[in-house]
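Colleague: My structure is below; once you've seen it, I'll send some questions.
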Amino acid sequence: MAQNPSASRGSALVTGAGGALGRAIALRLGADGFAVGVLGREGDLLRETAQLLADAGVHHHVLPADLRDPAAIDAALTETESELGPLEALVNNAAIYPATPFLDISQDEYEDVVRVNQTAYFLAAQGAAKRMAPRKSGAIVNIGSITFHGGWANLASYVSTKGASVGLTRALARELGAHGIRVNGVSPGAFPTKAEEIHENPEEYNRFVIDRQSIKRRGADAELAAVVSFLVGADAAFVTGQTINVDGGWVME
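Here the working numbering is used: position 132 in the sequence shown is 132, and no number is missing along the way.
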C-alpha cells in the first residue's frame with residue numbers, strides 16, 4: 001500500500017478522517033497516489049489515522065480543526081496546498097448525529113448539526129472550488145446517507161442535512177462543470193461504525209440491517225472507500241452530479 005511518489009496525483013483533503021469511514025477513504029486515496037490531508041477533531045483517532053498513513057508510506061498532513069469555524073476550514077484548505085501541493089480532491093465526510101426525538105430537538109442542537117453537516121460542506125466545497133477552478137481540474141465528493149431516502153426516527157437533524165448534501169452535489173455539479181470540476185456524492189448504508197452506538201441493541205440492529213439489504217452481510221469500510229476512489233479518479237471523468245448508494249442493495253432509487 002506504499003505510495004509511489006512518481007505517480008503523485010496532487011493532494012486530497014478528507015474531513016472527519018478520524019472516523020472509520022473517513023480513515024478508510026484517506027488510506028485508499030493515499031494508496032491511489034494522492035498526498036492526503038486528514039482533517040478532524042484533535043485526538044487519538046486522528047493521530048491513529050495519521051500513523052496508519054505514515055506506516056503505508058503516504059505523504060500526509062494532519063489538520064486538527066473544528067468544522068464549526070469557517071476560518072478553520074479556509075485555513076485547512078490553504079495548509080493542505082502549502083504542505084501537500086495543489087488540491088485535486090475534497091471529500092466532505094465529517095458529520096455529527098445526535099439521536100433525539102424530533103419533538104425534543106432544541107434549536108441549538110439543530111443548528112449545531114447544520115453547521116457541521118451542511119454549512120461546513122458548503123464552505124469546504126466553495127473553498128476547494130476556488131482553488132481548483134483556475135487549474136480546470138478537481139473532484140469533490142460529498143458523503144450523504146441512505147437515511148435521506150427513507151427517513152429515520154430520532155435523527156431528523158441528521159437526515160435533513162444529509163438530504164441537503166444531495167441537493168448541494170447536484171447544484172455544484174451543474175455550476176462547476178464549466179470549470180473542469182466534478183461533484184458527486186456517496187450515500188453509505190449501515191456500515192458497522194461507531195455511529196451504531198446510538199442503537200440500544202446492537203444484535204437486533206444488525207439483524208434489522210441484514211434483513212433489509214439484498215446482500216446478506218455487513219459492508220466493509222474499504223468498499224465505501226473504493227467508490228470514493230472511483231469518483232475522484234480518471235475512470236469517472238464523465239461522471240458528475242450523481243449520488244451513489246453503497247448499501248448492499250438496501251435502497252434502489
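Note that the Cβ used here is the ideal one computed from N, Cα and C, for glycine as well.
Keep in mind that this is a model prediction, so the values were computed, not measured.
Check whether the Cβ atoms of V166 and T78 sit closer than 7 Å, and answer yes or no.
Modeller: The count along the sequence shown starts at 1 and reaches residue 166 at position 166. The count along the sequence shown starts at 1 and reaches residue 78 at position 78. No. Outside cutoff.
Colleague: Would you mind stating whether A94 and G16 have Cβ atoms separated by less than 7 Å?
Modeller: For the purposes of this step, residue 94 is identified with residue 94 of the sequence shown, where counting begins at 1. For the purposes of this step, residue 16 is identified with residue 16 of the sequence shown, where counting begins at 1. Yes.
Colleague: Indicate the three-state DSSP secondary structure (helix, strand or coil) for P86 in the structure shown.
Modeller: Within the sequence shown, the letter at position 86 stands for residue 86. Note: P86 maps to coil in three-state DSSP.
Colleague: Report the option in A237, R135, P98 and A120 whose CA atom is closest to the CA atom of G85.
Modeller: The residue labelled residue 85 in the question sits at position 85 within the sequence shown. For G85, the closest C-alpha among the options A237, R135, P98 and A120 is that of R135.
Colleague: Give me the residue from G249, G10 and R28 with the minimum Cα distance to V209.
Modeller: Taking the first residue of the sequence shown as position 1, residue 209 is located at position 209. Looking at the Cα atoms, G249 is the closest of the given residues.
Colleague: Taking 7 Å as the cut-off, decide whether the C-beta atoms of Q107 and T161 are in contact.
Modeller: As a position in the sequence shown, residue 107 is number 107, starting the count at 1. As a position in the sequence shown, residue 161 is number 161, starting the count at 1. Not closer than 7 Å, so no.
Colleague: Does the separation of the CB atoms of D221 and A24 fall below 7 Å?
Modeller: Mapped onto the sequence shown, residue 221 falls at position 221. Mapped onto the sequence shown, residue 24 falls at position 24. Yes, they are a contact pair.
Colleague: Just to confirm, is the Cβ distance from T80 to S11 under 7 Å?
Modeller: For the purposes of this step, residue 80 is identified with residue 80 of the sequence shown, where counting begins at 1. For the purposes of this step, residue 11 is identified with residue 11 of the sequence shown, where counting begins at 1. Cβ atoms of T80 and S11: closer than 7 Å.
Colleague: Taking the alpha-carbon of A190 as reference, which of R217, A236, D55 and L46 has the nearest alpha-carbon?
Modeller: Taking the first residue of the sequence shown as 1, we reach residue 190 at position 190. Here the closest residue by C-alpha is R217.
Colleague: Between A128, D74 and A65, which has its C-alpha nearest G180's C-alpha?
Modeller: By one-based count along the sequence shown, residue 180 stands at place 180. Nearest C-alpha to G180: A128.
Colleague: Which first and last residues belong to the beta strand (DSSP E) in which T15 is found?
Modeller: Here residue 15 corresponds to residue number 15 of the sequence shown, with the count starting at 1. From DSSP, the beta strand (DSSP E) with T15 extends over S11 to T15.
Colleague: Which term fits R207, buried or exposed, when burial requires 16 or more other beta carbons within 10 angstroms of its beta carbon?
Modeller: Here the question's residue 207 lines up with position 207 in the sequence shown. R207 comes out exposed.
Colleague: Which whole-angstrom value describes the C-beta separation of I143 and N92, a residue pair presumed to lie in contact below a C-beta threshold of 8 Å?
Modeller: For this step, residue 143 is matched to residue 143 along the sequence shown. For this step, residue 92 is matched to residue 92 along the sequence shown. Right, the Cβ-Cβ distance comes to about 6 Å (below 8 Å), so this counts as a contact.
Colleague: Do you know how far the Cα of A99 is from the Cα of N154?
Modeller: Here the question's residue 154 lines up with position 154 in the sequence shown. Here the question's residue 99 lines up with position 99 in the sequence shown. In a straight line, the C-alpha of N154 is about 5 Å away from that of A99.
Colleague: With DSSP run on the structure shown, which of helix, strand or coil describes A7?
Modeller: Taking the sequence shown and counting its residues from 1, the one referred to as residue 7 is at position 7. Residue placement at A7 cannot be trusted, given a pLDDT of 45 that sits under 50; what the coordinates show is reported in the next sentence. Three-state DSSP puts A7 in a helix.
Colleague: Leaving out five residues before and five after L45 in sequence, what residues of the same chain have Cβ atoms less than 6 Å from its Cβ?
Modeller: Here residue 45 refers to the residue found at position 45 when the sequence shown is read from its first residue. Around L45: G18.
Colleague: Would I215 be called buried (16 or more neighbouring beta carbons within 10 Å of its own) or exposed?
Modeller: Counting from 1 along the sequence shown, the entry for residue 215 is found at position 215. Exposed, because fewer than 16 other Cβ atoms sit within 10 Å of the Cβ of I215.
Colleague: My parser needs the beta strand (DSSP E) runs of 3 or more residues fully inside the stretch 62–127; what are they?
Modeller: The DSSP assignment places 87–92 as complete runs of the beta strand (DSSP E) inside the stretch 62–127, in order along the chain (cut-off: 3 residues).
Colleague: Rounded to the nearest angstrom, how far is the Cβ of V116 from that of V232, given a contact under 8 Å?
Modeller: Sequence index remark: in the sequence shown, residue 116 carries index 116 (1-based). Sequence index remark: in the sequence shown, residue 232 carries index 232 (1-based). V232 and V116 do not touch by the CB rule: their CB atoms are close to 22 Å apart, not below 8 Å.
Colleague: Name, in chain order, the residues that DSSP records as bridge partners for L39.
Modeller: As a position in the sequence shown, residue 39 is number 39, starting the count at 1. L39 is bridged to T15 and L63.
Colleague: Mapping the DSSP letters down to three states, classify I215 as helix, strand or coil.
Modeller: Here residue 215 refers to the residue found at position 215 of the sequence shown. Reduced to three states, the DSSP call for I215 is coil.
Colleague: May I have the straight-line CA-CA distance separating D211 from E253, to the nearest angstrom?
Modeller: Indexing the sequence shown from 1 puts residue 211 at position 211. Indexing the sequence shown from 1 puts residue 253 at position 253. Cα to Cα, the separation comes out at about 18 Å.
Colleague: Contact check, R28 vs A226 under 8 Å by CB: the rounded distance?
Modeller: Start at 1 with the first residue of the sequence shown, and residue 28 comes out as number 28. Start at 1 with the first residue of the sequence shown, and residue 226 comes out as number 226. At roughly 7 Å, the Cβ-Cβ gap stays under 8 Å, so R28 and A226 are in contact.
Colleague: Going along the chain, which unbroken runs of the beta strand (DSSP E) with 3 or more residues stay wholly within the stretch 134–176?
Modeller: Here the runs fully enclosed are 138–143.
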